[in-house]
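Data block below; observations after.
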């Protein structure tokens, strides 16, 4: 994309709507996407940060007045600077808390959509992480009102959702603090920006419950948290033309800080994933955006599980189509006819294996293997069709060879050359010679025996006529010749039936092999999904354990502080000079 497009419009009547042009661009991207969304109060420089991530000075619209400049959610898709075969999707959002809005409900939806669509979520604020900044982050406390993880089992029913349900699906959290002018020190000790964030999120005695709730939600819902602080990029006067300023005119500290921030995003921001560790492409991200916006406009709450189910239907259907397309492209390389059915089955088996791999690479949440079974049925139908085409190609080839070889013999028959004494034996010799020549012709395929058998059978009446007309043979000799021809025909028929039986057995073996191939790849896929699920559980468990340990440390530190104050008070009392009773009376 040369420039950003509005993906989700916030219309004047304040209804959210998908922009079809942007959606088409997004859904044309088949690569995995790293989605970075930025949210924050209006007029805090969100767009400038994303332009820097895009490696551009201009792109997302900046403004230098007190009015908000971005409405809805804007999108910029770019080749990922470091991850080959990946696309970086930057989402710039409408500023929160705009006083000119008549309805602030959409602020909560913009906030929720940014979390639902992104793999890295940036909250942008000015100054410091203080009580004011946390109060403005009340949207995080309302997430459970605007996002559901699990679908309800029925109308009017509800499902209890735990904090780990949200941790599993929520993106990495980055707090970007702009125009930061303080020193990163705590109790006289230098600290990192991440430590600054964690200290700001600590529970403090006497704080309002609403303020503590925002801290608690950030700690509970976002397992991965980081903080970056930025100096003011330029003087107040130059800020009006910030996008036109060259890097040499920017604050040196800001340039260094922005470089670190960019490096972190490029190297550490993960590909967007959904349930089971399935990687999201631009096409899938577009479907997700439509699904969530449709839910909001219908008055429902966006549900991650419902979106994943809808996505699975779309993706698994496409996975079957991709697999069959791959199979058909590969199987076309097989030249028909084949000399034996084994050759065809061997090529089919390899093409089927690759097709299943293509399906498994894209499919996910295939309940009861519904779509894999569809693929199996289609592959089996293709095999039967291929066998039919192979037989027809072989039959056509054999018929053409026989027609050409027996052309001279047919001409002799038409002349009556064999309707003479001794003609029967001459006919048998000539026919035998043609059959030998037929056997020597290559590329006839697996139907060579059957076509020859049918051809010779069609000539039996002609043979009998020549035999009857041959006066050099006695009646006894003629009867003996008939019996010999019948025996030869029976032998050929028995040999043909034996081959057909062998082919039938091979087809049955192929069906069993196909079943085992599907089963083998399914088990491998289930093992991969189990590994991803275990990794998810471990990540959630680690986050909870770290949070519990953090709370225990904070509780211990508070107890130590109380004890320290008590000791100080006791020391103060002990150091007070004692006064006698006379002084007190006086």
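In the numbering used here, the protein residues as written are 67 to 652.
Cβ atoms here follow ideal geometry from the backbone N, Cα and C, with glycine treated the same way.
Quick caveat: nothing in here was measured; it's all calculated off a predicted structure.
Pairwise C-alpha distance: residue j and residue i
i	j	result
residue 367	residue 161	22 Å
residue 523	residue 444	38 Å
residue 457	residue 512	7 Å
residue 155	residue 179	14 Å
residue 96	residue 521	55 Å
residue 295	residue 323	7 Å
residue 404	residue 515	13 Å
residue 134	residue 436	With a pLDDT of only 48 at residue 134, under 50, the local geometry of the prediction cannot be trusted, and the value read off the model is given with reservation. So the alpha carbons of these two residues sit roughly 49 Å apart.
residue 100	residue 89	17 Å
residue 481	residue 506	28 Å
residue 549	residue 558	14 Å
residue 566	residue 504	21 Å
residue 589	residue 378	19 Å
residue 561	residue 547	21 Å
residue 425	residue 393	11 Å
residue 350	residue 253	48 Å
residue 308	residue 158	18 Å
residue 653	residue 186	Any answer about residue 653 is impossible in this case: the structure gives the chain only from 67 up to 652.
residue 364	residue 439	35 Å
residue 410	residue 519	23 Å
residue 130	residue 144	Any reading at residue 130 must be qualified, since the residue scores a pLDDT of 42, below 50, and its modelled position is unreliable; no value is offered.
residue 118	residue 229	34 Å
residue 245	residue 111	10 Å
residue 69	residue 600	40 Å
Residue i - partner residues in DSSP beta bridges
i	result
residue 189	105 and 241
residue 76	82
residue 139	74 and 159
residue 153	99 and 145
residue 252	255
residue 369	214
Spatially closest choice to residue i from the options, by CA coordinates
i	options	result
residue 102	332, 543 and 563	332
residue 243	268, 260 and 251	260
residue 292	327, 304 and 310	327
residue 337	146, 461, 424 and 251	146
residue 234	256, 290 and 426	290
residue 406	111, 416 and 510	510
residue 280	208, 182, 567 and 534	208
residue 361	182, 471 and 573	182
residue 142	347, 376 and 92	92
residue 86	527, 359, 422 and 594	359
residue 329	237, 121 and 104	121
residue 527	542, 551, 508 and 543	551
residue 574	77, 428, 408 and 484	408
residue 211	369, 262 and 266	369
Beta-carbon proximity check, residue i vs residue j, cutoff 9 Å
i	j	result
residue 239	residue 288	yes
residue 517	residue 563	no
residue 418	residue 580	yes
residue 241	residue 184	no
residue 215	residue 371	yes
residue 312	residue 297	no
residue 193	residue 247	yes
residue 493	residue 529	yes
residue 537	residue 459	no
residue 441	residue 386	yes
residue 544	residue 534	yes
residue 380	residue 353	yes
DSSP three-state assignment for residue i, whether helix, strand or coil
i	result
residue 346	coil
residue 130	Residue placement at residue 130 is poorly supported in this model, since its pLDDT is 42, which falls under 50; the coordinates still yield a value, given next. Note: residue 130 maps to coil in three-state DSSP.
residue 593	helix
residue 292	strand
residue 405	coil
residue 214	strand
residue 652	Because residue 652 carries a pLDDT of 43, less than 50, the predicted location of this residue cannot be relied on, and no value is offered for it.
residue 68	coil
residue 422	helix
residue 340	strand
residue 637	helix
residue 399	coil
residue 115	helix
residue 195	coil
residue 265	helix
residue 463	helix
residue 123	coil
residue 528	helix
residue 390	helix
residue 482	coil
residue 447	helix
residue 507	coil
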